[in-house]
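Novice: Quick one: structure below, then a few questions.
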Amino acid sequence: MILMSKKLPMILSLSKDPVQVRQEQDVVFLKNRVKEVAVRIKMGLVNQTRLITAASELVRNMMRYGNGGVCLIEVVSSGRINGVRLTFTDKGPGIPDIAAAMRDGFSTGKSLGLGLPGTKRLVNEFDIKSKVGEGTTVTIIKWANG
Amino acid sequence: MDKIPILRMGAFLLVTIQVDLYDRLALNLESDLVNMVNKTSAKGVLIDISAVSIVDSFMGRIIGNIASMSKILDAETVVVGMQPAVAITLIELGLPLKGVHTALDMEKGMSLLKSMMDSDDPDEQETADDTITE
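Listed in order, the protein sequences are those of chains A and B. Heads up: the first sequence runs through residues 1 to 146, numbered per full-length UniProt numbering. Heads up: the second sequence runs through residues 1 to 134, numbered per full-length UniProt numbering.
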């Protein structure tokens, strides 16, 4: 048997900042907060843009399909590198088929279906958990120079 | 309610987006612009996004929609001033903005629009031939 030697470094959370998202004005506020945090950890401009774009996609999903929710903004560190972790939690209807939702071009709304798969391409870590009838949680991490 | 101003300059419409777009604003811009193209029989639309730091899939779709809607109203759309980070993000997101003309800045965009207007039917025939022989 092959031993899995890939070491998972511990990810420490250095700051927590929950932001409620209920209406469109909150989206602008959230993007600004994410930007502030990214600038604070000296994330480069292109990575900032990737992170905020990813946040923009996820927050739209949360508003459209989950009736709003909470986004937790965290500064995380793993070894010597810092990053931003965003956790989007809604109490919406949940996603019955996550594999389908992660496919390019799949949408139950009338969008392009790029939101989830596109977001995954923009960030370093992407995790989605969903339970039908209970809600959806999406977690992303973008490292400062990842 | 915020509104993005649309300026008329000869046969062209100019739009400079100075704020970060949110969904409602982008949707309003789409319908305002298409109505303006119809009302003024504009031949070209120039959209300056140099002050826009984020274009996600929704905004990208709106830009694409404006271009195709204007196209069937006989107006060309040129998007100018996209920030490099936005270009990188759009491609990684999977949104290549097909069918949207782009130029680096306002000046180049303007001359692109003018050249597209100058090239009337005979030239269009030519380019059509080119693609066939290819």
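Each residue gets a CB set at the ideal place from its N, CA and C atoms; glycine is no exception.
Is the shortest distance between the beta-carbon of R121(A) and the beta-carbons of chain B less than 7 angstroms?
Specialist: True, the Cβ-Cβ gap to chain B drops below 7 angstroms.
Novice: State buried or exposed for A38(A), treating a residue as buried only when at least 16 other CB atoms are found within 10 Å of its CB.
Specialist: buried
Novice: Give the straight-line distance between the Cα atoms of Q20(A) and V37(B), rounded to the nearest whole angstrom.
Specialist: 39 angstroms
Novice: Using only the alpha-carbon positions, how far apart do Q18(B) and D26(A) sit?
Specialist: Cα to Cα, Q18(B) sits roughly 20 angstroms from D26(A).
Novice: Enumerate, from N- to C-terminal direction, the unbroken alpha helix (DSSP H) stretches of 4 or more residues contained entirely within the UniProt domain "Histidine kinase/HSP90-like ATPase" (46-146) of chain A.
Specialist: Runs found: 98-101, 115-122.
Novice: Across which residues does DSSP place I6(B) in a beta bridge pair?
Specialist: V15(B)
Novice: Starting from the Cα of D74(B), find the closest Cα among I54(B), M59(B), P84(B), V34(B) and give me that residue.
Specialist: V34(B)
Novice: When burial is assigned at 16 or more other CB atoms within 10 Å of the CB, is I23(A) buried or exposed?
Specialist: Position check: residue 23(A) holds Gln in this sequence, whereas Ile was assumed. Per the 10 Å Cβ criterion, exposed.
Novice: For I81(A) and chain B, any beta-carbon pair shorter than 7 angstroms?
Specialist: no
Novice: Counting only beta-carbon separations shorter than 7 angstroms, does I91(B) have a partner in chain A?
Specialist: no
Novice: If I follow the unbroken beta strand (DSSP E) through K16(A), where does it start and stop?
Specialist: 12-21
Novice: For V27(A), report the span of its alpha helix (DSSP H) as first-last.
Specialist: 24-40
Novice: Label D121(B) either buried or exposed according to how many other C-beta atoms from any shown protein chain fall within 10 Å of its C-beta, with 16 as the threshold for buried.
Specialist: Legend: pLDDT at D121(B) = 47, less than 50; position of this residue unreliable, no value from coordinates given.
Novice: Nearest to S15(A) by CA position, among L86(A), M43(A), R60(A), is which residue?
Specialist: L86(A)
Novice: Using the rule of at least 16 other Cβ atoms within 10 Å of the residue's Cβ for burial, across every protein chain shown, is residue 136(B) buried or exposed?
Specialist: Residue 136(B) is absent from the model: chain B starts at 1 and stops at 134.
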